[in-house]
Every structure is written in structure tokens, then in C-alpha cells.
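Peer 1: Using the numbering used here, read the sequence shown as starting at 106 and increasing by one per residue.
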Amino acid sequence: MNSQQNNPLTPGRYFFALSPDTSSRMQIQHIMKRLPDDSALKLQTTANLHQTLLFLGQLEQQQINALLKQTESIHFPAINMQFDHLSYWEEPKIFCLTSRDPDTELYNLVSQLEYIASEAGINVEVKPYRPHITLARKASVPLDVPIAPVCFKAEQLVLMKSVSTEHGAQYQPMMQWPVMAV
């Protein structure tokens, strides 16, 4: 499958994600404005909004090279989801958008990525996948805030690199794979 590489891939912390399209991003921003004005709450930046699929952890160059070889086989159809609930997860203390009816293709893609990581010699923690989009960290209490559903259309898969800065983590898109043509 055709991929687009933005920057040289160097050792660091990586994960696979789906990035929201412009319309989804605007809907998510509207919801974030409804979160409490709490100085302890750390809102995600607009640029950092994403749906994590698989956290790969700290990768060395040889693992990155093996991963790139394995990703040549990535294929996935368009994934359309509706995030329809604002959730509070006590651990890891986040507010996130969740879906009551996730797209089954999403689970197929996560399984494919777990297999690719394994074939590349990357040990990932395999646990039940819970689709979500993190809105804020350091949340302390649940909220009862009704939201309008966010129609999330994934048009590309992204390999992200997490880079620590003085302002917190920044997620840099390093490679993208477009949705498979049908």
C-alpha cells in the first residue's frame, strides 16, 4: 500500500493512530469547550487529537526498519464511527469520547497492527481494545455532560511519534497510509 513519510524515522516512542478529519476535529473542539474550567485539567491540544490504535513504546532503529518492512502489507477500508459518549476513566484519569457501537473494521485493523508489530519483533501489551479519543488528562471527577455525537471518518492511518517538550507531549505524524480503495 502507498505510504507517505514526513520525516526520517529515528528512535523514540511510537504509536499507530487515526487522525480526525477537519469536521470531526471541529466537533471535538466544541465538546472540549464544555469541559470544566479547572486549572488542574490538561486539555489536549488540537494538533494532538487522535484515536490511538496501538501503542508501540520505545523503538530502536532496527525495530523501526522491521516495522516499515511489515507495514508494506497494511490494508484497511474506510472506518466510520460515531463517538457518542463523554466518559471519565478513573485510571488514567482522563475525559475521553467513547462509542457505544464501534465499527467492527476498527477491531480488524487493531488486530492487523498487533500482528505487524509482532512480526517486526516489537513486544506490545495486547489487551482488550477500547476505542476512545482523549480530550483531557488529570481529570478528577466524572461529568454528566450530554454531547452531540461526533461522526468520525478515518481516511488514513498514521504512525505517530511522541516527543516530550516543556509544554507536554507533542504527537508528530511520521507516516501515513491512505484508506484502501474499494
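Ideal placement from N, C-alpha and C gives every residue a C-beta, glycine not left out.
Out of L248, N111, E195, P116, point me to the one whose CA is closest to Q168's CA.
Peer 2: Counting from 1 along the sequence shown, the entry for residue 168 is found at position 63. Among L248, N111, E195, P116, the Cα nearest to that of Q168 belongs to P116.
Peer 1: Using the Cβ count rule (16 or more neighbours within 10 Å means buried), how would you classify H237?
Peer 2: The count along the sequence shown starts at 1 and reaches residue 237 at position 132. Buried, since its Cβ has 16 or more Cβ neighbours within 10 Å.
Peer 1: Leaving out the 5 sequence neighbours to the left and right, which residues in its chain are closer than 6 Å to S288 when beta-carbon positions are compared?
Peer 2: Any property of residue 288 remains undetermined from this structure, which presents the chain solely from 106 to 287.
Peer 1: Can you tell me the Cα-Cα spacing of L191 and I199, whole angstroms?
Peer 2: Counted from its first residue, the sequence shown places residue 191 at position 86. Counted from its first residue, the sequence shown places residue 199 at position 94. Looking at the two C-alpha atoms, the distance is approximately 10 Å.
Peer 1: Alpha carbon to alpha carbon, what distance is there between M137 and L146?
Peer 2: For the purposes of this step, residue 146 is taken as residue 41 along the sequence shown, with counting starting at 1. For the purposes of this step, residue 137 is taken as residue 32 along the sequence shown, with counting starting at 1. Whole-angstrom Cα-Cα distance: 11 Å.
Peer 1: Just the C-alpha distance for V215 and I184, rounded to the nearest angstrom, thanks.
Peer 2: Here residue 215 refers to the residue found at position 110 of the sequence shown. Here residue 184 refers to the residue found at position 79 of the sequence shown. Counting only the Cα atoms, I184 lies some 12 Å from V215.
Peer 1: In whole angstroms, give me the CA-to-CA distance for V229 and F121.
Peer 2: Within the sequence shown, residue 229 is the residue found at index 124, counting from 1. Within the sequence shown, residue 121 is the residue found at index 16, counting from 1. Answer to the nearest angstrom: the Cα atoms are 12 Å apart.
Peer 1: Would DSSP call S204 helix, strand or coil?
Peer 2: Position 99 of the sequence shown, counted from the start, is the residue given in the question as residue 204. In the structure shown, S204 sits in coil (DSSP, three-state: anything other than H, G, I, E or B).
Peer 1: Alpha carbon to alpha carbon, what distance is there between G162 and S223?
Peer 2: Numbered from its first residue, the sequence shown carries residue 223 at position 118. Numbered from its first residue, the sequence shown carries residue 162 at position 57. S223 and G162: Cα-Cα distance of roughly 13 Å.
Peer 1: With a threshold of 6 Å on Cβ separation, who are the neighbours of Q275 within its own chain once the five nearest residues in sequence on each side are excluded?
Peer 2: As a first step, residue 275 must be located in the sequence shown, where it is residue number 170. So the list reads V268, once near-sequence residues are dropped.
Peer 1: Consult DSSP for I184 and reduce its assignment to one of helix, strand or coil.
Peer 2: The residue labelled residue 184 in the question sits at position 79 within the sequence shown. Note: I184 maps to strand in three-state DSSP.
Peer 1: Tell me whether A225 is buried or exposed, calling it buried when 16 or more other Cβ atoms sit within 10 Å of its Cβ.
Peer 2: Position 120 of the sequence shown, counting from 1, holds the residue named residue 225. Counting Cβ neighbours within 10 Å, A225 comes out buried, since at least 16 surround it.
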